[in-house]
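Asks: So that you can map any letter, position 181 of the sequence shown is 339 in the working numbering, and since no number is skipped, the others follow by simple counting.
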Amino acid sequence: KRGGNEFTGTVRTELTNEKWNSTSPFGEDQADDLSKVFSGTAGGYILKDKLWWFGAARKFDSSNTVTAGNRDSATSETSEKRIQGKLRGAITPNHIAEGAYLSFDPDVAPLTGLPAGEASAFEPMRKDPRDFYTVGYQGIFSSSVFADVSATKKKVAIQAGGTDTQHSPLLDLSSFLVYNNSWFDGTQRDARDNDTVNASISYTTQSGKHGTHTIDGGVQRVRS
Numbered sequence: 159k160r161g162g163n164e165f166t167g168t169v170r171t172e173l174t175n176e177k178w179n180s181t182s183p184f185g186e187d188q189a190d191d192l193s194k195v196f197s198g199t200a201g202g203y204i205l206k207d208k209l210w211w212f213g214a215a216r217k218f219d220s221s222n223t224v225t226a227g228n229r230d231s232a233t234s235e236t237s238e239k240r241i242q243g244k245l246r247g248a249i250t251p252n253h254i255a256e257g258a259y260l261s262f263d264p265d266v267a268p269l270t271g272l273p274a275g276e277a278s279a280f281e282p283m284r285k286d287p288r289d290f291y292t293v294g295y296q297g298i299f300s301s302s303v304f305a306d307v308s309a310t311k312k313k314v315a316i317q318a319g320g321t322d323t324q325h326s327p328l329l330d331l332s333s334f335l336v337y338n339n340s341w342f343d344g345t346q347r348d349a350r351d352n353d354t355v356n357a358s359i360s361y362t363t364q365s366g367k368h369g370t371h372t373i374d375g376g377v378q379r380v381r382s
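#1: Is S220 buried or exposed, if buried means 16 or more other CB atoms sit within 10 Å of its CB?
#2: Sorted by chain position, which residues of the same chain lie with C-beta nearer than 6 Å to S358's C-beta, five sequence neighbours on each side aside?
#3: Taking the C-alpha atoms as reference points, what is the distance between S237 and T199?
#4: Can you name the residues that DSSP bridges to A255?
#5: Determine the direct distance from the alpha carbon of R379 to that of S234, and round the result to whole angstroms.
#6: Taking just the CA atoms, how far does S333 sit from S278?
#7: Here's a check: name, in chain order, each residue in its chain whose Cβ is nearer than 6 Å to the Cβ of F196, leaving out the five neighbours to either side.
#8: My guess is that Y337 and Y291 are in contact by the Cβ rule of under 8 Å, so how many angstroms apart are they, rounded?
#9: Use the C-beta contact count for L269: other C-beta atoms within 10 angstroms, 16 or more gives buried, fewer gives exposed.
#10: Please list, in chain order, all residues of the same chain as G320 whose beta carbon is under 8 Å from its beta carbon, the five residues on each side excluded.
#11: R350: buried (16+ other C-beta within 10 angstroms of its C-beta) or exposed?
Dropping the structure here:
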């Protein structure tokens, strides 16, 4: 979404509860906690027909029951926050530049990574913060020639897994269940950053009885 020449906004609330669901024939445990999602957007202009802005935010809290192979269970809590901002400007009516930022920060505790055979194999916490930075340009050079350029930087640092205060993990190959401890090390941050640059150009022909034909060309560079 993007801003425009009018000020607009939305507000949304979602409420769910695992206890409201029916169970399977196994009669599994269900968390009796209210999960809440709050979100809102707003957009408008700084200079009409020249410069527009847009913003959005979302907060999410939920609970659900996770169950191990031996029927141990725990209440898993998920918390997530997202913030987005965007600024879009018209250099001329035919040439538009845009910049955007998105922050995505979810936490889950405990988490079932690999299937757990017992509660001690649940991962105590998963943190997964992400930041996205984007700049872009769209240009109309004539009634037949259009160009689009964008660059994105994504910063990700996943932190999830068990703890070294418990026994070493054991993987039961017959059932593919993990016992004693989570298989991964929660003290390590797994960086998964990447950068992407795209550029493309389109040429559209008006060929009369032969129809309309479009030729596209472009390049992309990805570093991850």
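We treat Cβ as the ideally placed atom computed from N, Cα and C, and that holds for glycine.
Replies: Straight from the coordinates:
#1: For the purposes of this step, residue 220 is taken as residue 62 along the sequence shown, with counting starting at 1. With a 10 Å radius around the Cβ and a threshold of 16 neighbouring Cβ atoms, S220 comes out buried.
#2: Your numbering for residue 358 matches position 200 in the sequence shown. If we look at S358 and ignore the five residues flanking it on each side, its Cβ neighbours are D306, G376.
#3: Taking the first residue of the sequence shown as position 1, residue 237 is located at position 79. Taking the first residue of the sequence shown as position 1, residue 199 is located at position 41. Here the alpha carbon of S237 sits roughly 20 Å from the alpha carbon of T199.
#4: One-based indexing of the sequence shown puts residue 255 at position 97. Looking at the DSSP assignment, A255 forms a beta bridge with G247, Y295.
#5: Position 76 of the sequence shown, counted from the start, is the residue given in the question as residue 234. Position 221 of the sequence shown, counted from the start, is the residue given in the question as residue 379. One C-alpha to the other measures close to 39 Å.
#6: Counted from its first residue, the sequence shown places residue 278 at position 120. Counted from its first residue, the sequence shown places residue 333 at position 175. About 17 Å.
#7: As a first step, residue 196 is located in the sequence shown; it is residue number 38 there, counting from the start. Correct list, in chain order: T171, K217.
#8: Here residue 337 refers to the residue found at position 179 when the sequence shown is read from its first residue. Here residue 291 refers to the residue found at position 133 when the sequence shown is read from its first residue. Not a contact, Cβ separation roughly 42 Å.
#9: Position 111 of the sequence shown, counted from the first residue, corresponds to residue 269. With 16 or more other Cβ atoms within 10 Å, it is buried.
#10: For the purposes of this step, residue 320 is taken as residue 162 along the sequence shown, with counting starting at 1. If we look at G320 and ignore the five residues flanking it on each side, its Cβ neighbours are A279, E281, P282, P327, N339, S340, W341, F342, D343, G344.
#11: Translated into the one-based positions of the sequence shown, residue 350 becomes position 192. Per the 10 Å Cβ criterion, exposed.
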